[in-house]
Amino acid sequence: MDDMKNKLIAFSSLLFVSFIWGSSLFIVKETLKFVQPFTFNALRFIVAAIILFTVQTLLNRKNNKRHRGKAGFIFPGIVIGLFLFLGFVFQTFGLHYTSISKSGFIIGISVAIVPFLLFFKYKKKPTLRENVCAIIAFIGLFLLTLSTNSKFNSGDIISFFSAIAFALHIIYSTIYSPNYNSLQLATVQITFVGLASWTFALIFEDWQVIFNHALWTNKYFVFSILFTAIFCTAAAFFIQMFAQRTISATEVGIILATEPVFAAITGYYYGGERLQEIGLFGCSLILVSTIVTQIRKTKSKKQLYKEEKTIHKM
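Under the working numbering, the letters of the sequence shown match residues 123 to 436, in that order.
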């Protein structure tokens, strides 16, 4: 009974994360009118890291001891953080040139390409179903790019690289999450992304804009930084690390496949974005492919459990 309750909590929490991530793309796109991508990600992730570090410190004091978990979590946290950094860099830059709806659905392909990345790393051959779903996903992507007023552009390509990075993030989160403290893993990866973003902002962007008084008196900008830092980053990635200790990567993939749907809904109601019928059909193909790719036959559940156990040991 407790296992069912824990699974229900994990499912509900991840669905909330998917909703937050999908709906926040509109906020991110609007915030890029004030600051450049690396600067935005630096502010967002550094604030989130401070929040998580504060929570960790309070837990230590409450327990009157260090809230350690398993030692050696820094390297896994950095590895996961590297792919997370690349994912958000490509996503944020992509939003400069493409719509919220297209960005959300293109990045949603990450769930469909996970099996192929697993093959390159662990020589686990994709099934016929996975091959077919990947083809369907790319057809859907092609139809989606044809449906908007803007043609296929650099933003779509950049967003696809984001999908690859997020797919790798899912894989390595699945590998490391069951073996390490969720809060520590989340803190390390978010700190890494914040520091890496700040470094690139210093080199490539006009980061001095953050000292502009008018920027911090802009209520929308302050809200967007706090919202994305607290809900979309600190809370979201702690929940993801925690949930992947309880449910399989397959189940995680199914839930996160709903993110582009939330992105499209947000783009429709708040961004004024419209998709033609062919685009809606393309979106449907992508969503179906990402979900079906992650569904296994009932008789293979035991085999899937053994495969995931093997991956965790590697």
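Every residue gets a Cβ at the ideal spot worked out from N, C-alpha and C, and that includes glycine.
Output needed for residue i: all residues of its chain with C-beta closer than 6 angstroms, excluding positions within five of it in sequence on either side, in chain order.
i	result
Y298	P198
L136	A365 and I377
W320	A164
S411	A234, C255, I258 and A259
I149	S346
One question on the structure: do residue i and residue j come within less than 7 angstroms of each other, judged by their Cβ atoms?
i	j	result
A287	L208	yes
K129	I369	yes
A164	A323	yes
F156	F343	yes
T355	A170	yes
E381	G216	no
S284	Q213	yes
L154	I222	no
F360	A308	yes
F353	I172	no
Classify residue i: buried if its beta carbon has 16 or more other beta carbons within 10 angstroms, exposed otherwise.
i	result
A336	exposed
G404	buried
H291	buried
R166	buried
L305	buried
F227	buried
F241	exposed
K184	exposed
F210	buried
I229	buried
Measure the alpha-carbon distance for residue i versus residue j and round it to whole angstroms.
i	j	result
I387	E399	15 angstroms
I168	F314	9 angstroms
I231	Y391	23 angstroms
F345	V236	34 angstroms
K127	F133	10 angstroms
T161	L250	43 angstroms
V139	L348	16 angstroms
N275	T220	7 angstroms
W329	L174	24 angstroms
A358	N253	31 angstroms
W338	I332	8 angstroms
N334	N340	11 angstroms
I312	P159	16 angstroms
G389	K151	10 angstroms
T296	I325	33 angstroms
T176	E327	29 angstroms
L409	R396	18 angstroms
V374	G394	30 angstroms
G401	G316	35 angstroms
Could you tell me whether the Cβ of residue i comes closer than 7 angstroms to any Cβ of chain C?
i	result
F349	The structure shown contains no chain C; it holds only a single protein chain.
Within its chain, find whatever has a CB closer than 7 angstroms to the CB of residue i; leave out the 5 residues flanking it on each side and keep chain order.
i	result
V310	F195, I196, G199, I200 and G203
H189	Model confidence at H189 stands at a pLDDT of 49, short of 50, so the residue's coordinates are unreliable and nothing is read from them.
I131	none
L239	A289, L290 and I293
Within a Cβ cutoff of 8 angstroms, which residues of the same chain sit near residue i, ignoring the five residues on either side of it in sequence?
i	result
L407	I258, A259, I261, G262 and L265
V414	R251 and C255
D125	none
H218	L154, P159 and G277
F205	A287, F288, L290, H291 and Y294
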